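Asker: Going left to right, the sequence shown walks through residues 5 to 207 as the working numbering numbers them. Quick one: structure below, then a few questions.
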Amino acid sequence: LRRSEIAERQRERRTAALYELARQAAFATDLDTGLRAAVNLIESIFAAKAALLLRQKDHTLANIPHAASSFTLSEKEKSVAAWAFGCRMSAGKFTDTLPDSEALHVPLQGRTAVMGVLSVRPPEDKSFDLTERDLLEAFAVLIGLVLEKDHIIEAFKHAEILETSEHLRRALLESVSHELKTPLAAVQTGIDALSRQVDPDTR
Numbered sequence: 005l006r007r008s009e010i011a012e013r014q015r016e017r018r019t020a021a022l023y024e025l026a027r028q029a030a031f032a033t034d035l036d037t038g039l040r041a042a043v044n045l046i047e048s049i050f051a052a053k054a055a056l057l058l059r060q061k062d063h064t065l066a067n068i069p070h071a072a073s074s075f076t077l078s079e080k081e082k083s084v085a086a087w088a089f090g091c092r093m094s095a096g097k098f099t100d101t102l103p104d105s106e107a108l109h110v111p112l113q114g115r116t117a118v119m120g121v122l123s124v125r126p127p128e129d130k131s132f133d134l135t136e137r138d139l140l141e142a143f144a145v146l147i148g149l150v151l152e153k154d155h156i157i158e159a160f161k162h163a164e165i166l167e168t169s170e171h172l173r174r175a176l177l178e179s180v181s182h183e184l185k186t187p188l189a190a191v192q193t194g195i196d197a198l199s200r201q202v203d204p205d206t207r
């Protein structure tokens with residue numbers, strides 16, 4: 005009964021934490037505000053420092069943490085984060101991959117791609133149990149989906165801008181073509197008239 009009660013409390017905690025993260029992400033005025041809220045929530049729940057390394061436009065992992073991050077990664081930690089990003093697996097502290105790291109690095113897995121890495125550094129005297137690691141991975145998936153949604157929206161906006169630009173280009177060319185036809189026709193008429201008036205030797 006005691007174990008069942010503990011398990012139920014853990015499920016309630018997990019559900020409440022995920023709901024709070026989803027709520028803050030949904031009501032954020034912009035992506036940066038949502039990411040900052042996510043980092044603050046992780047810090048308050050796990051009593052740990054968190055950093056976000058996001059995917060860049062060329063689909064590589066950024067070398068500089070997002071501004072919402074609360075700690076700076078060493079070169080060693082960045083390399084572990086890069087491994088987690090490339091292999092789509094958690095790495096670092098509390099894992100079987102590079103466990104001597106100071107932080108746990110979890111990929112931000114969206115539906116179709118990894119959108120970055122969540123790095124969490126606990127206090128020296130604290131360890132994450134399996135339930136906490138599962139919750140962190142759920143957080144990472146949710147953040148990954150938010151980033152992927154923002155990426156898709158930006159891609160649609162870019163496509164709309166390109167389409168509008170192409171419409172403007174065609175309209176400009178048509179306008180210029182129309183405006184040139186009238187004076188060119190007048191010039192051609194003048195040339196034809198001069199050609200008829202001038203004798204063949206002078207022509």
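By construction, the Cβ of each residue, glycine as well, lies at the ideal position given by its N, Cα and C atoms. These numbers come from a predicted model, not from an experiment.
Please classify R59 as buried or exposed, where buried requires at least 16 other C-beta atoms within 10 Å of its C-beta.
Answerer: As a working mapping, residue 59 is identified with position 55 in the sequence shown. By the 10 Å Cβ count, R59 comes out buried.
Asker: Cutting at 6 angstroms between CB atoms, please list the residues of its own chain near F132, excluding the five before and the five after it.
Answerer: In the sequence shown, counting from the first residue as 1, residue 132 sits at position 128. Within the same chain, F132 has close Cβ partners F98.
Asker: On the three-state DSSP scale, how would you describe S123?
Answerer: Against the sequence shown, residue 123 aligns to sequence position 119. S123: strand per DSSP, three-state reduction.
Asker: DSSP on L5, reduced to helix/strand/coil?
Answerer: Position 1 of the sequence shown, counted from the first residue, corresponds to residue 5. DSSP places L5 in coil when its eight states are reduced to three.
Asker: Terminal residues of the continuous alpha helix (DSSP H) containing Q113?
Answerer: The count along the sequence shown starts at 1 and reaches residue 113 at position 109. No alpha helix (DSSP H) holds Q113; the beta strand (DSSP E) holding it covers 108-113.
Asker: Would you check if there are 3 or more beta carbon pairs closer than 8 angstroms linking the region 104-112 to the region 142-153?
Answerer: With the cut-off at 8 angstroms, the region 104-112 and the region 142-153 touch.
Asker: Could you please give the first and the last residue of the uninterrupted alpha helix (DSSP H) stretch that includes K185?
Answerer: Stepping through the sequence shown from its first residue, residue 185 is reached at position 181. Where K185 is concerned, the enclosing alpha helix (DSSP H) stretches over 134-201.
Asker: Is there a Cβ from chain D that is less than 7 angstroms from the Cβ of P69?
Answerer: Annotation note: the requested chain D is absent from the structure, which comprises a single protein chain.
Asker: Along the chain, where does the beta strand (DSSP E) containing L65 start, and where does it finish?
Answerer: Counting from one through the sequence shown, the residue named residue 65 turns up at place 61. No beta strand (DSSP E) contains L65, which DSSP labels as neither H nor E.
Asker: Less than 6 angstroms between C-beta atoms, sequence neighbours within five positions excluded: which residues of the same chain meet that for K53?
Answerer: In the sequence shown, residue 53 corresponds to position 49, counting from 1. Contacts found: S74, F75, R125.
Asker: Write down the C-beta distance between F89 and V118 rounded to the nearest angstrom, noting that I regard them as a contact closer than 8 angstroms.
Answerer: The residue given as residue 89 occupies position 85 in the sequence shown. The residue given as residue 118 occupies position 114 in the sequence shown. 6 angstroms between Cβ atoms; contact.
Asker: Please name the residue in I68, V84, A26 whose C-alpha comes closest to that of P103.
Answerer: By one-based count along the sequence shown, residue 103 stands at place 99. Out of I68, V84, A26, V84 has the C-alpha closest to the C-alpha of P103.
Asker: So, for A86: in the same chain, excluding its five sequence neighbours on each side, which residues have a beta-carbon less than 6 angstroms away from its beta-carbon?
Answerer: Here residue 86 is taken as the residue at index 82 of the sequence shown, counted from 1. Only L65 meet the Cβ criterion.
Asker: Buried or exposed, going by whether 16 or more other CB atoms sit within 10 Å of the CB of P127?
Answerer: Residue mapping note: residue 127 aligns to position 123 of the sequence shown, counting from 1. So P127 counts as exposed.
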